[in-house]
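Residue numbers (our numbering): 14 to 290.
See below:
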């Protein structure tokens, strides 16, 4: 190649080398302003995402009340994308517009840096929500960008981690029971939002169940488990058929709408915690 033809590439390389030297000397001091957000070792890491302004978002997109199943299924698909990207997530739990991702306590993902974990999961979840929106809402255009905030929380023991998940599932039950009664009073009973709130103020769960059954013939225990219990995603070895006609145990992502507060779930899935007890 003629010398003149090689000159642009030569000068470009010289410039890159010069900039690299400057970045490594003159300006590198700015790195000292970064804070160390590395999470302590040997703790369960939970990254929880919450929808930002999802009350307005759900209203503008015409979500059914009290539950929009395609929206919940879309959240589950986004969570599966996160779990595929982060093998260290052993379990995820979602309800309404939130999702919690439980990292094994010995994870070294992003050197356990909190900001890296939160920002990567938030961005992947949000972009997945937009990407898969047409699949779940083919007739509804996306009118505004969905957004999720995130945080990391550390739990030092299996019991702490399980109590956290129990709290989130109990929250799911409380909120869904209230919303089911509230929207029955509004949509079927003809009450205004304010009158429905006044009717339910101070009522216990038994009283809410009685309103549903006596006035609207709704047995809350027969409502879809996905609405009442949320969705749990775990990685589990299952027996799958092979091309040769036999079977083989393979790890697979399993979606469950079950109780995770009691012992049955954890007894049936000891692989989630037995190495870290």
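Glycine is no exception: its CB is placed at the ideal position from the N, C-alpha and C atoms. Remember, predicted model here, so these are calculated numbers, not experimental data.
Coarse secondary structure for residue i, derived from DSSP in three states
i           : result
residue 218 : helix
residue 199 : helix
residue 274 : coil
residue 286 : coil
residue 240 : helix
residue 16  : In this prediction, residue 16 scores a pLDDT of 47, lower than 50, which makes its location untrustworthy; no coordinate-derived value is stated.
residue 45  : helix
residue 155 : coil
residue 230 : coil
residue 80  : coil
residue 176 : helix
residue 86  : helix
residue 257 : coil
residue 280 : helix
residue 119 : coil
Residue interval of the alpha helix (DSSP H) (run including residue i)
i           : result
residue 103 : Careful: residue 103 lies outside any alpha helix (DSSP H), inside the beta strand (DSSP E) at 102 to 108.
residue 73  : 67 to 73
residue 213 : 206 to 213
residue 113 : Residue 113 -> not in any alpha helix (DSSP H); beta strand (DSSP E) instead, spanning 111 to 116.
residue 138 : 127 to 149
N- and C-terminal bounds of the beta strand (DSSP E) containing residue i
i           : result
residue 247 : 244 to 254
residue 261 : 260 to 269
residue 59  : 57 to 64
residue 167 : 161 to 168
For residue i, the residue or residues it bridges with in DSSP
i          : result
residue 96 : Answer is none; residue 96 lacks a bridge partner.
residue 51 : 126
Counted within 10 angstroms of its Cβ, other Cβ atoms place residue i as buried (16 or more) or exposed
i           : result
residue 120 : buried
residue 209 : buried
residue 16  : Low per-residue confidence applies at residue 16: pLDDT is 47, beneath 50, and the placement is therefore not dependable enough to give any value.
residue 164 : exposed
residue 143 : exposed
residue 99  : buried
residue 181 : buried
residue 109 : buried
residue 197 : buried
residue 127 : buried
residue 11  : There is simply no residue 11 to check, as the chain begins at 14 and stops at 290 in what is shown.
residue 77  : exposed
residue 251 : exposed
residue 286 : buried
residue 239 : buried
Whole-Å CB distance - residue i paired with residue j, under 8 Å assumed
i           : j           : result
residue 89  : residue 107 : 6 Å
residue 84  : residue 246 : At roughly 17 Å, the Cβ-Cβ gap does not stay under 8 Å, so residue 84 and residue 246 are not in contact.
residue 189 : residue 241 : 6 Å
residue 160 : residue 69  : Rounded, the Cβ-Cβ distance is 11 Å, inconsistent with contact.
residue 244 : residue 270 : 6 Å
residue 221 : residue 191 : 7 Å
Test: residue i CB closer than 7 Å to a CB of chain B
i          : result
residue 47 : Absence of chain B from the displayed structure is noted, only one protein chain being present.
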